[in-house]
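A short write-up of the structure that comes next.
Number of protein chains: 2
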Amino acid sequence: MSVAPKRPKGPPLNAMRAFEAAARHISFVAAAEELNVTAGAISQHIKTLEGWAGMPLFRRNAQGVELTREGQALLADFTKAFDALADATRALRDLKPNADFQIAALPSIAQLWLPKRLGKIRECYPQINFSVTAMETPPSLSRELFDLSIFFSVPDGSPNQICICQDKIIPVCAPSLLNRKQGDQGFEGISFLRDQTWANDWPMWSQNSGVQIRNSENGPQFSLYSLAVEEAKAGAGVLMGHLCLIEDALTAGALTVMHDVSCSTGNSLVIQVPRMPRQRSETKRIVQLLAN
Amino acid sequence: MSVAPKRPKGPPLNAMRAFEAAARHISFVAAAEELNVTAGAISQHIKTLEGWAGMPLFRRNAQGVELTREGQALLADFTKAFDALADATRALRDLKPNADFQIAALPSIAQLWLPKRLGKIRECYPQINFSVTAMETPPSLSRELFDLSIFFSVPDGSPNQICICQDKIIPVCAPSLLNRKQGDQGFEGISFLRDQTWANDWPMWSQNSGVQIRNSENGPQFSLYSLAVEEAKAGAGVLMGHLCLIEDALTAGALTVMHDVSCSTGNSLVIQVPRMPRQRSETKRIVQLLAN
DNA sequence: CATCTTGCCTTAGTTTTCCTACGGCAAGAA
DNA sequence: TTCTTGCCGTAGGAAAACTAAGGCAAGATG
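Sequence lines, in order, name chains A and B. Going by the UniProt record's numbering, the first residue of the first sequence is number 1, and it counts up by one from there. Going by the UniProt record's numbering, the first residue of the second sequence is number 1, and it counts up by one from there.
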């Protein structure tokens, strides 16, 4: 008999959280992004946990990980636990008077669509600090501390989503550029400004409009859509414009449409809020203001 | 608008765990003991959490703490979350082949009652390592990683408890001491060996038996009951014997009863196991073997 | 009344944990 | 081939967690 002097210790909490995130995403890098750490940190946490359990929880393949049977079995339990913990954390946050209202959005939406409307909202809630976090992938609203997210996606019809508008694309450019090319409706010899993540825009529009596009790869790429918009305003080339993101530039005359045909990408601009018990009180009204 | 570069961070997990434990016990020291840290650590964790929430969760009084209204409201959420996490942790532990079987017991029980029976059990499960952790207060089996606990208490009739026997006390001493005092049934001029936590034994027995005891404080105190038993065997004085703890010494003749009247303390020797989904498979059989 | 005890606080210093940075490797894509 | 992606490993440094020790206030004890 070994009389242990100390109570049996469970595994480190952070390791469990890392496992839960990694298992849910089936990816260390995705988990790392969610938890705001590097993938190496996730790797170590999971190794710690596997050491504690004396059993591998992931199978590491070169092109990604997969859960072992055992890891598989644990995921549900851990997800339930950390969901409950997320609830408690929100309850704690809600005690804080005038806590920041956290918004998650696609970088382009955060820069081109949000600012104007956020201005109005801030007038209604001068005491609340609105924080906007830009990211490529929508966060889990049941897990992270965001109060609202705005992304392009296909709406799922749930009451926690509001569809603002369809995402329609149409070629645009600076008026000066259009004048130069007056009478010439083609896209010959023009730079195509492109966003990295929306590289597919031109082919999609081409197919939909029937307009033949050659060399749509001809032109600079930008990591942020808003940079491409600025370049387009400066007359650097033609841009596939997402209508909801460039409406201001169009009405102000900084950009004009180059071709009458617009086409839908299949996505919509969607606002999503946490499901009920996790919402803070201002959410409903803020969504209303955002949706105009 | 402040564009936060990083996702909003929740409070540290360890701080939340500390809060949950402290709120449940309404005591920092009790929480510290449960988590195997010092009270200072708990204090700091809670301060961290209060800082994060921007709101006090405890009211600190000189003779103890109490929850504020806000802390009160949070407790349920956090307890639910950490209960779920404890479940997940057990599921993880159960993956481990031949994990230690963890037993929590009162020090005196661990030393005087358990060893003999544990020997038999170890024969049945030679591959399992049995760990015994001594402590004064029964741990929460739904929260901590114990598989079984043995303490004196009043049974609550739940199916997770087995009552082994009543806790009966009776004065005992070494045979040599009894011989010297032959014919003298009183307790005059004898050292009363006493255990610190059971200081009430002599008055209780006195009241029950009708035997007048004077100077029951006359004699050495021991922090462990087993030390007092050893002293009694050595003839150092008379001890209030708890029958289930000294049965071996009595049958072996190392101790003899000094007075025929025994009295019940109201408690029983109770084995408790976690409620079902958290039990490991061997538990049932082990309880059976312990109960004989 | 003085003294002890209990339970919390605070500070300082140490230990442990956690994380990043960076080079490497294997598999699939270009 | 060469690039890219996603994981691993190690080393070193930053941050968190913990301990130790002295203090204080309110009851309990003598």
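We treat Cβ as the ideally placed atom computed from N, Cα and C, and that holds for glycine.
With distances taken between CB atoms, is the gap from residue i to residue j smaller than 8 Å?
i: Leu106(A); j: Phe146(A); result: no
i: Leu177(A); j: Ile286(A); result: no
i: Val172(A); j: Ala232(A); result: yes
i: Met16(A); j: Leu67(A); result: no
i: Leu255(B); j: Leu74(A); result: no
i: His45(B); j: Phe82(B); result: no
i: Ala30(B); j: Ala84(A); result: no
i: residue 295(B); j: Asn208(B); result: This structure does not reach residue 295(B), given that chain B is present from 1 up to 292, and the question cannot be answered.
i: Ser153(B); j: Asn292(B); result: no
Is it right to say residue i is buried, meaning 16 or more other beta carbons lie within 10 angstroms of its own, or is it exposed?
i: Val261(A); result: exposed
i: Ser191(B); result: buried
i: Gly10(A); result: buried
i: Pro139(A); result: buried
i: Val229(A); result: buried
i: Val238(B); result: buried
i: Arg62(B); result: Going by the sequence as given, residue 62(B) is Ala instead of Arg. Its Cβ having fewer than 16 others within 10 Å, Ala62(B) is exposed.
i: Ser158(A); result: exposed
i: Ser223(B); result: exposed
Using the C-alpha atoms, what's the distance from residue j back to residue i?
i: Ile26(A); j: Asp77(B); result: 28 Å
i: Asn14(A); j: Gly40(A); result: 14 Å
i: Gln196(A); j: Glu136(A); result: 12 Å
i: Phe212(B); j: Val270(B); result: Residue 212(B) is actually Gln in this sequence, not Phe. One C-alpha to the other measures close to 31 Å.
i: Asn179(B); j: Asp248(B); result: 21 Å
i: Ile128(A); j: Asp100(A); result: 6 Å
i: Thr133(B); j: Leu114(B); result: 12 Å
i: Leu290(B); j: Arg117(B); result: 6 Å
i: Ser108(A); j: His242(A); result: 10 Å
i: Ile246(A); j: Gln111(A); result: 11 Å
i: Trp198(A); j: Lys168(A); result: 13 Å
i: Tyr125(B); j: Thr283(B); result: 11 Å
i: Ala104(A); j: Gln72(B); result: 31 Å
i: Leu193(B); j: Gly219(B); result: 6 Å
i: Arg7(B); j: Arg278(B); result: 35 Å
i: Ser281(A); j: Gln102(A); result: 13 Å
i: Arg143(B); j: Gly119(B); result: 28 Å
i: Gly253(B); j: Gln288(B); result: 28 Å
i: Phe28(B); j: Glu33(A); result: 35 Å
i: Val37(B); j: Ala22(B); result: 12 Å
i: Pro12(B); j: Met240(A); result: 44 Å
i: Met258(A); j: Leu57(A); result: 55 Å
i: Ile164(B); j: Arg24(B); result: 29 Å
i: Tyr225(B); j: Gly64(A); result: 58 Å
i: Phe130(B); j: Ser43(B); result: 34 Å
i: Thr251(A); j: Glu70(A); result: 58 Å
i: Asp156(B); j: Ile121(B); result: 26 Å
i: Asn160(B); j: Glu123(B); result: 24 Å
i: Leu227(B); j: Leu35(B); result: 28 Å
i: Ala234(B); j: Gln221(B); result: 15 Å
Using only CA atoms, which one of the options lies nearest to residue i?
i: Ala236(A); options: Phe222(A), Ala254(A), Leu224(A), Ala174(A); result: Ala174(A)
i: Trp52(B); options: Leu57(A), Phe28(A), Leu95(A); result: Leu95(A)
i: Lys47(A); options: Arg59(A), Val37(A), Asn36(A); result: Arg59(A)
i: Thr265(A); options: Asn160(A), Arg122(A), Trp205(A); result: Trp205(A)
i: Ile162(A); options: Arg275(A), Arg122(A), Glu230(A); result: Arg275(A)
i: Pro97(A); options: Met55(B), Ser268(B), Thr38(B), Ile164(B); result: Met55(B)
i: Pro203(B); options: Leu227(B), Tyr225(B), Phe222(B), Ile170(B); result: Ile170(B)
i: Cys244(A); options: Gln166(A), Gln221(A), Leu227(A); result: Gln166(A)
Should residue i be listed as close to the ligand MG, given that the test is whether its C-beta is under 7 Å from any heavy atom?
i: Gln44(A); result: Ligands displayed in this structure: none; no statement on the ligand MG is therefore possible.
*Cβ pair count under 8 Å reaching 3, the segment 62-78 of chain B against the segment 74-92 of chain A*: yes
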